Each structure stands twice: as C-alpha cells, then as structure tokens.
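Counting in our numbering, the sequence shown runs from 78 upward without gaps. Just so you know, even glycine gets a beta-carbon here, dropped at the ideal spot from N, CA and C. Remember, predicted model here, so these are calculated numbers, not experimental data. This report refers to the structure that appears directly beneath it.
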Amino acid sequence: MFEYAPAPESRDVVDLKSSYGLFINGEFVDGSGTPFKTVNPATEETLAEVATASSDDVDRAVQAARKAFGVWSALPGAERAKYLFRIARIIQERARELAVLESLDNGKPIRESRDVDVPLVAAHFFYYAGWADKLEYAGFGGAKPLGVAGQVIPWNFPLLMLAWKIAPALACGNTVVLKPAETTPLTALLFADICRQADLPPGVVNIVTGAGETGAAVVAHPDVNKVAFTGSTEVGRIIARTVAGTGKKLTLELGGKAANIVFDDAAVDQAVEGIVNGIFFNQGHVCCAGSRLLVQESIQEELLAALKRRLGTLRLGDPLDKNTDIGAINSAEQLAKIRRLSDLGESEGAERWSPACELPGKGFWFPPTLFTGVAQSHSIAREEIFGPVLSVLTFRTPAEAVEKANNTPYGLSAGVWTEKGSRILWMADRLRAGVVWANTFNKFDPASPFGGFKESGFGREGGRHGLEAYLEV
Ligand code: NDP
C-alpha cells in the first residue's frame, strides 16, 4: 500500500464552547445535575463540559413540550412542513460544521459523517417535511398526533438517530424531549441551535443531556405520550417494563447480529466490498452490521483471501483525515467490551486475524479483525460485539444458510450475495430480518422503513411506516 499525504479536515468551522446547557423551551439553560465531560475518542482530549438534566429538569422540558403541543399540533400540516424544510436546508448549509463536530465527538471518519450521516439527516427532514400535509393519505386512519414524545438515542449515529426520531414526530404534529447519549451530546446541541435559527416555536424540540438516569426520567415521565428508544436490548427491556400498562405508545430499535450470506455464484470483488461496508463502516458500531459472514464452503478460500487483501488496504487513524477508513472506538467502555468478546472468541477456539495495522498511541482504537473457524455456539457468533470484528461461518446449501442466519435472538437485517434473482427472493422470504439487502449492504434511505424482529425490537422508523408510531391509529 502506498502512503497518502495527510489530508486533515479543519476544525475551525466548529465553534466549540467550553460548556453546554440544556435546551428547554427554546433557550439554553443550566442543568441541576452534576455536569459531565465529553471527550474526543481519537485523542482523549476533553471537548466540553455538558449539563446533566435532573428529573426536575426533565419535568420542565416535558411541560414546555406539552405547552408547545397546543400551538404546534394546531398548525396546518403545510405550515409545519415549512419549518421542517427550513431545518433541512440549514442542515445542508451547516453540513461541514455538523460533520466535523460529529467526527470529533464520536470518532467516526469524516468521510462517513460528511458523505453518509449528514446528507441522510437532511434527507430525513426533507422527506418527512413532504409528509406533513398528507397525513390523512398515509393509510393510518387520520392525522391526529399523540402529544409529547420522549426519545432516547445512542452514540453510534448521534445526529442521524436524532433525525430518525425528531423528523417524523414533528411532521405528525407532536413535540419532543430528546436525550442524546452521554458520550455524544454535541451535535444534538448544535441541532438545538439550528431549531432556533429556523424560528421553530419554543418547546417543540427540547434536548436534555445526561446519563442513563436522565433517559430513565424521560421514559418514566407521566406526561409523555410516546416513547421511542434506540440502543441496547438490555436497556430496551428496562424501558418496556417501565412503559408497560401506562398507555404510552412504544417503539424499540435494539441490537442485531446480522448474517451477510455469500453464495458461490456471487461476484467476489463486489461481495468483498459489501462485507467491508457491512462490518467496518462506522467501526462496526452499527446495529444492523453484517457481523456474521456466512460464506458458501466451496468459495471460502477464495473469498477470504480476497477479503484479507482488501482489509490490508484499510486506513485506520485520525477521523478528521479525509483518507481515513476506520476511526476511533467511541469510548473506553466500548473498547473494553470489544476486547473482552474478541478474547473470548480466541479462548473458545476461533482463529483471529488482523492486517498489519499501527494503532495511534492515544485514544481508543481496535484493528479490523476477522475470526475464522467460528461455530454457532461461540459467543462471537451470538453476541453483538458492536465493533470492527467479523465472525466467519460456512454453509453448503441455501436451506442451511437460512437456518444459520435465523439462529439468533435478533432479527434486524441480513445480506444476500448471489447472481440469481430467484434465490434472492427465496432467501428474503425466509430470513427473519426487518431489512434484507441483496448484493449490497448498509444502504439507508428515508423512504425505506427500518426495524426489527424478535429481540431487535418492534415498530418501524422511516418511510410511510415511520408515521404510524407518531399518529393515533
Ligand atoms: P444503551 O442502550 O445503554 O444506551 C442507549 C441510550 O439509552 C443512551 O442515551 C443511554 O444513556 C440511555 N440509557 C441508558 N440506560 C437507560 C435507562 N435505564 N433508561 C433510559 N435510557 C437509558 O447502550 P450503551 O451505550 O450502554 O451500549 C451498550 C451496548 O449496547 C453496546 O455495546 C452495543 O452492543 C449496544 N448498542 C446497540 C445500539 C443499537 O443501535 N442497536 C446502539 C448503542 C448500543 P447513556 O449514554 O448515558 O448511557
């Protein structure tokens, strides 16, 4: 591999403050909990101090959202659409600032935050702006919003998960209280500034930062009508228990352990790109990541040789360098989890391989890793690692591929690589997964619904289906 000269994106476009407050009723205000620090995972440098919302602060935010609900839900859909279009356009105008801040706070490569996350965020707002005046035609029986939505999101796609939650909620006439993840609060706070710039009525969007307790306070608040959560299955279970019997509407988007299935007639080079995109995109911090490669036995050797060659060309390092393919792991805790599960993979008998890859001295890093000789009983074939670690299994027949792919408590996504259209349809029919990609992987579009089966959660986000979660049906 030849060397590239460094091509760093400038940080100057971001006006980083030393401390940030909560965004309640259109104002930035102090939080009454103990503030926390958010760090750049690539350098461990503290980026800013961020307020913690106590349950009293959450209560203020919910009250503001309740008051704003009267005004917002009474606006004609076409008027709400204007605000959403305005927000979408400002996101495009401030795209570079958002992308740099996202990469700083999350550790993801600027190539991804700039070319994937932020354009999809704008697209989501454009898409749902288009729905705001057409809700009666969505097929859910009417256009009545639910009220106040309490939304809790994770750290892997901070701004994109915010868009998935806020855009449909607002389009349908709801108001929101959103809690970003503790390790990645900064782009949500920049989004709050965008709401002000767009003259969104105060209280329609409220952002409360903090740790898990803040999220728990949002979910448990009696005046919240709808809870939307994306995160771990474990916390999803806690939330389902809290919400049970309250009459609150709930959607959960949880973990995954997706199979990426490659048949012997697949175009190998294309499949290799899809495998890389499936598990090494966003350092593998992707709920629908193709973390289990199921390869047909007859092409295993050829495919793995090509895959290893390709992994040798991935560039790991400074997320703000435009040539970087693999950035930093989001936190020390997540790195410890990836290390623990990878070590377990080895001790349970799988064979570990990584390309020669120098890791920076500071920050949280993990090399792209693949495991061969993986059995279905191994922890690395069953548990979500949420890191750049691929477990390789083999199969002989399509029926065996389906059995193995479905042998998981999750069911969020799957990928199928084959020349044969009929086989794609046959597989898609049998795979218990919310999304099945054919000859591609990790493709997202605001018009396409996304969500899981089994322990991957319930409810759909995106597309016409995504409106259902925010309307009285
Ligand atoms: P969590 O599910 O704990 O975090 C998701 C969000 O929920 C965060 O905003 C978190 O706050 C908040 N939260 C935590 N506890 C509660 C609670 N009791 N009530 C309400 N909200 C709560 O994920 P982690 O960040 O701890 O990651 C753990 C594992 O989960 C990862 O290793 C990964 O395997 C998986 N994961 C899966 C995701 C997916 O998209 N499927 C996304 C993220 C993680 P805070 O940030 O302060 O903890």
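With respect to the C-alpha of Ile338, the residue from Leu508, Gly464, Trp149 having the closest C-alpha is Leu508. Per DSSP, the beta-bridge partners of Pro222 are Leu548. Separation of the CB atoms of Glu538 and Phe217 is rounded to 15 Å, and the pair is thereby denied contact status at 8 Å. Of the heavy atoms belonging to the ligand NDP, none sits nearer than 7 Å to the Cβ of Val135.
The straight-line gap separating the alpha-carbon atoms of Ile243 and Ala200 is approximately 13 Å. By the Cβ neighbour-count rule, Ser180 is buried, with 16 or more other Cβ atoms within 10 Å of its own. Cβ-Cβ distances below 7 Å link Glu423 to Arg429 in the same chain, with the five nearest sequence neighbours on each side left out; the list follows chain order. Judged by DSSP secondary structure, Ser180 falls within the alpha helix (DSSP H) whose first and last residues are 172–183. A direct Cα-to-Cα measurement between Ala246 and Ser408 gives close to 30 Å. In the structure shown, Leu397 adopts coil according to DSSP, grouped into three states.
With contacts defined as CB atoms closer than 8 Å, Pro445 and Phe357 qualify as a contacting pair.
Within the same chain, Cβ atoms closer than 7 Å to the Cβ of Gly355 are found at Asn337, Ala366, Gly367, Gly492, Phe518, Asn519, the five residues on either side in sequence being excluded.
Taking 3 residues as the minimum length, the beta strand (DSSP E) runs contained wholly in the stretch 324–366 are 326–330, 336–339, in order along the chain. Using a Cβ distance threshold of 8 Å, Val229 and Val296 count as a contacting pair. Counting only runs of at least 3 residues, the stretch 481–547 fully encloses the following beta strand (DSSP E) elements, listed from N- to C-terminal order: 490–494, 512–515.
Given a length threshold of 4 residues, each whole run of the alpha helix (DSSP H) inside the stretch 372–434 is given here in chain order: 377–388, 409–424.
Check the Cα spacing between Gly488 and each of Ser456, Leu329, Thr111, Arg273: the tightest is with Leu329. The continuous stretches of beta strand (DSSP E) do not include Leu237, which lies in the alpha helix (DSSP H) extending over residues 235–248.
For the set Trp241, Phe340, Glu496, the Cα lying nearest the Cα of Val479 is the one of Phe340.
Distance between Asp133 and Pro222, taken at the CA atoms: about 26 Å. Under DSSP, Phe162 forms no beta bridge with any residue.
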